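K.L.:
In my numbering, the protein residues as written are 79 to 214.
1. Rounding to the nearest angstrom, what Cα-Cα distance links residue 96 and residue 125 in this structure?
2. Compare the beta carbon distance of residue 147 and residue 196 with 8 Å and say whether it is the shorter of the two.
3. Do residue 113 and residue 210 have their C-beta atoms within less than 8 Å of each other?
4. Can you tell me which of 174, 84, 131 puts its alpha carbon nearest to the alpha carbon of residue 111?
5. Spatial neighbours of residue 105 within its chain, please: CB distance less than 6 Å, with the 5 preceding and 5 following residues excluded, ordered by chain position.
6. Roughly how far, in whole angstroms, is the beta-carbon of residue 152 from the beta-carbon of residue 182, given that I think they are within contact range, below 8 Å?
7. Measuring CB to CB, does residue 101 end up less than 8 Å from residue 118?
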C-alpha cells in the first residue's frame, strides 16, 4: 500500500489568539509536498499544483490550564467555513482538549485553516496540531 502524502504542523509556543482568528504554526512534524510554509501564511495548509484530490483535514486544540470559558475550533477552506467544528461549553479552569476532522475535495491553491472561537481569555497550548492527508 502506498504511503499517504500530507503534512502535520505545530507551533513552538503557546498562542493567545482573538476569537475567530486562525492558529499559527511555525514548525512541521512532516510535510511531504510543500503544503506548509513556516515563513509566511503559517496558518495555512495549501494544496500544491498537481495535488488535486480528496483530503482528510483535521486539527487538535488544547487550552492551557487556568482558561475558563467556552471554546472551540473549526475549519475553513479558502476563508469560508466548512461543515467541521467542535465546541465545548465549560466554565471550569482545567485545560480543555478538542478535535475536528472532515473529508473534502480540493484543487491546487485551495488552502485550509483552523480557527478558534472562545469567550474569556484563553491561551492555546503548544500541543495544538493541524494536518491533512491526500486520500484519493
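Glycine is no exception: its CB is placed at the ideal position from the N, C-alpha and C atoms. Predicted model, so just to flag it, every value in this text is computed and none were measured.
P.N.:
Result, derived from the coordinates:
1. When only Cα atoms are considered, residue 96 and residue 125 end up about 26 Å apart.
2. yes
3. yes
4. Of the candidates 174, 84, 131, the one whose C-alpha sits nearest the C-alpha of residue 111 is 84.
5. 88, 90
6. Not a contact, Cβ separation roughly 13 Å.
7. no
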